[in-house]
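Trainee:
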Amino acid sequence: MNEQARVLIEQIESRQARVGVVGLGYVGLPLAVEFAEAGFSILGFEVARDKVEAVNAGNSYVGDVPEEQLAAAVEAGRLEATLDYDRLAEADAICICVPTPLNKTGDPDVSFIMTAANSLQRTVRAGQLVVLESTTYPGTTRELLLPALAGTRLEVGKDFFLAFSPERVDPGNPVYKIHNTPKVVGGITADCAECANRLYSTIIEQVILVSSTEAAELTKLLENTFRSVNIALANEMAIVCDKLDVDVWEVIEAAATKPFGFMKFTPGPGLGGHCIPVDPHYLSWKMKTLDYKTRLIELASEINAEMPRYVSEKVADLLNDHGRPVRGSRVVVVGAAYKPDTNDTRESPALDIIRLLAEKGAEVIYHDPMVPNLRHEGQDIESMPLDEKRLAGADVVVIVTDHTDIDYDLIRRSGRPVLDTRNVLQRPA
Ligand code: SAJ
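Using full-length UniProt numbering, read the sequence shown as starting at 1 and increasing by one per residue.
Structure follows, in structure tokens:
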């Protein structure tokens with residue numbers, strides 16, 4: 001191991017190392033607090049002034065970070081947030097936790113990574129470790145970050161260290177937190193990987209080293225593409241069963257009795273969230289640049305993306321069965337968030353279903369106890385209370401998100417036609 005790496009590891013082991021976290025969102029803020037509690041002095045970097053002010057006031061805006069935990073770290077002087085990216089030079093170890101969305105054409109938007117890279121280009125110095133955590137296409141760390149850091153002055157693996165380690169934060173997960181979710185790490189060099197390993201080992205029970213940054217980048221994409229493909233299979237089975245007049249939920253439950261070689265996924269109204277609908281496109285895009293079409297991955301994304309239209313057509317069929325045209329019918333959409341018991345509506349299929357039904361002329365209202373209002377077609381629409389009168393006046397009810405805190409008995413008792421995309425009414429009360 002070279003001298004710089006040995007010095008850095010000593011700083012990490014003694015907690016003398018100052019840790020920088022770039023991006024204080026649902027990934028970065030919990031990570032920053034975890035490092036603070038492990039005894040490090042943390043500098044959090046944000047472009048959003050309101051986040052910097054909230055952190056420095058000890059106010060948590062991330063559900064998984066309890067206010068008292070954040071306030072304690074700030075009061076102890078272990079955690080400070082700043083807008084000043086030139087202060088990156090003060091950090092000995094830097095974790096980049098910035099968003100990696102898709103742009104309007106559905107291609108990777110690595111602009112947030114590039115903003116961090118450009119700041120690091122100005123401030124990088126000997127002895128620093130930089131770890132990218134944001135989900136991205138294989139090659140990003142080596143092709144985008146390394147050139148920005150190496151420049152002409154410093155040599156990677158000798159003067160500074162560079163690794164990739166995918167974030168595995170599952171917001172709201174009551175069991176798996178940062179400390180007990182194994183962390184994969186891949187370095188540009190062995191010393192890079194070892195420095196990252198030692199850093200994360202101070203807060204995470206299990207760190208898994210892989211041989212390269214590309215292997216680590218691909219590990220994350222496999223994890224989430226695996227979900228997208230299997231969810232697409234469940235969705236296609238729902239369509240198959242519908243055409244064969246078989247209960248898809250019964251078939252899935254029966255298949256799930258197989259104690260090996262099967263993993264249960266369930267059909268739904270589409271694929272929401274900012275991970276699963278997005279991550280596979282990062283891999284497809286990269287492979288296109290290498291003249292390879294990831295057909296299975298892209299087909300799965302297409303099947304999932306088509307589900308909101310399929311649901312809106314099923315609603316039209318149900319109305320038709322009751323002699324009602326879509327136009328002028330009153331539709332109650334139950335659930336707007338992208339998955340149960342969260343208020344997150346990013347990429348939520350409910351937004352597409354509401355739009356598609358409104359385009360057909362339906363009068364659509366929604367009820368979601370966790371989403372008080374929605375931006376729909378440039379307008380703010382509010383969640384309506386679910387009561388007997390409103391249900392009695394509905395021509396059809398569409399259950400899109402199966403939050404725990406919804407009165408499903410009220411829907412059952414209403415006797416109104418229901419399209420239950422989550423099969424929640426069949427579950428034991
Ligand atoms: N969905 C289905 N059927 C399923 C599972 C999910 O239709 O069988 C839908 C959900 O309703 C949602 C979308 O897919 O709209 C995504 O759901 P998800 O359960 O994958 O939840 P996410 O998007 O919060 O994914 C995150 C990911 N975590 C990280 O990237 C760190 C994912 O890797 C996790 O496996 C997942 O949480 C989880 O298991 O909670």
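Yeah, the Cβ is synthetic: ideal placement off N, Cα and C, and Gly gets one too.
#1: Taking the CB atoms as reference points, tell me whether residue 199 and residue 129 lie closer together than 8 Å.
#2: Measure the alpha-carbon distance for residue 76 versus residue 33 and round it to whole angstroms.
#3: Whole-angstrom Cβ separation of residue 195 and residue 9, contact assumed at under 8 Å?
#4: Pull the bridge partners of residue 478 from the DSSP assignment, please.
#5: Return yes when at least one heavy atom of the ligand SAJ lies under 7 Å from the C-beta of residue 168, else no.
#6: Helix, strand or coil: which one does DSSP assign to residue 363?
#7: Determine, using beta carbons only, whether residue 383 and residue 371 come nearer to each other than 8 Å.
#8: What are the boundary residues of the alpha helix (DSSP H) that includes residue 399?
#9: For the ligand MN, any of its heavy atoms closer than 7 Å to the Cβ of residue 269?
#10: When DSSP builds the beta bridges, which residues end up paired with residue 432?
#11: Express the C-alpha separation of residue 373 and residue 91 in angstroms, rounding to a whole number.
#12: Given that a residue counts as buried once 16 or more other Cβ atoms are within 10 Å of its Cβ, and exposed if not, what is residue 258?
#13: Pull the bridge partners of residue 421 from the DSSP assignment, please.
#14: Verify the CB distance criterion: does residue 416 have a CB-CB separation below 8 Å to chain D?
#15: Pick helix, strand or coil for residue 12, following the three-state DSSP scheme.
#16: Can you give me the Cβ contacts of residue 296 inside the same chain, cut-off strictly under 8 Å, excluding the 5 residues immediately before and after it?
#17: Going by C-alpha distance, which of 410, 418, 27, 118 is nearest residue 319?
#18: Taking DSSP's pairing of strands, which residues face residue 82 in a bridge?
#19: Could you tell me the boundaries of the beta strand (DSSP E) in which residue 93 lies?
#20: Starting from residue 437, follow the beta strand (DSSP E) in both directions and report where the run begins and ends.
#21: Along the beta strand (DSSP E) that carries residue 210, what are the first and last residues, could you check?
#22: Using CA coordinates, which residue listed in 3, 11, 170, 191 is at the minimum distance from residue 28?
#23: I need the DSSP call for residue 451, collapsed to helix, strand or coil.
#24: From residue 359 to residue 138, what does the alpha carbon distance come to, in whole angstroms?
#25: Quick check on the burial criterion: 16 or more other C-beta atoms within 10 angstroms. Buried or exposed for residue 182?
#26: How long is the line joining the alpha carbons of residue 61 and residue 50, rounded to whole angstroms?
#27: Flag this pair as yes or no: are the beta carbons of residue 83 and residue 36 separated by less than 8 Å?
#28: Taking the alpha carbon of residue 160 as the reference point, which residue from 300, 385, 167, 120 has its own alpha carbon closest?
#29: Going by beta carbon distance, what residues of the same chain come within less than 6 Å of residue 331, once the five residues before and after it are set aside?
#30: Give me, in chain order, the residues of the same chain whose beta-carbon lies closer than 7 Å to that of residue 345; leave out the 5 immediate sequence neighbours on both sides.
#31: Consider the C-beta atom of residue 275 and the heavy atoms of the ligand SAJ; say whether any pair is separated by less than 7 Å.
#32: To the nearest angstrom, how far is the alpha carbon of residue 348 from that of residue 424?
#33: Less than 8 Å between the beta carbons of residue 239 and residue 271, yes or no?
#34: Using DSSP's beta-bridge definition, name the partner residues of residue 108.
#35: May I have a chain-ordered list of the alpha helix (DSSP H) segments no shorter than 4 residues that lie completely inside the region 249–320?
#36: Under the criterion of a Cβ to heavy atom distance below 7 Å, does residue 265 qualify as lining the ligand SAJ?
Mentor: Concretely, from the data shown:
#1: yes
#2: 12 Å
#3: 6 Å
#4: This structure gives no information on residue 478, because the portion of the chain shown stretches from 1 to 429.
#5: yes
#6: strand
#7: yes
#8: It is not in any alpha helix (DSSP H) - residue 399 instead sits in the beta strand (DSSP E) that spans 396–399.
#9: Inclusion of the ligand MN in the displayed structure is not the case, the ligand content consisting of the ligand SAJ alone.
#10: With the chain running from 1 to 429 in the structure shown, residue 432 is simply not present.
#11: 40 Å
#12: exposed
#13: According to DSSP, which records beta bridges pairwise, residue 421 is partnered with nothing at all.
#14: Included in the structure is just one protein chain, with no chain D present.
#15: helix
#16: 229
#17: 418
#18: 45
#19: 93–96
#20: No statement about residue 437 is possible, as the shown extent of the chain runs from 1 to 429 and does not include it.
#21: 207–210
#22: 170
#23: Summary: the structure shown does not reach residue 451, with the chain confined to residues 1 through 429, and so no result is reported for it.
#24: 39 Å
#25: exposed
#26: 10 Å
#27: no
#28: 120
#29: 357, 362, 364, 396
#30: 336, 337, 338, 351, 371, 374
#31: yes
#32: 18 Å
#33: no
#34: 102
#35: 279–288
#36: yes
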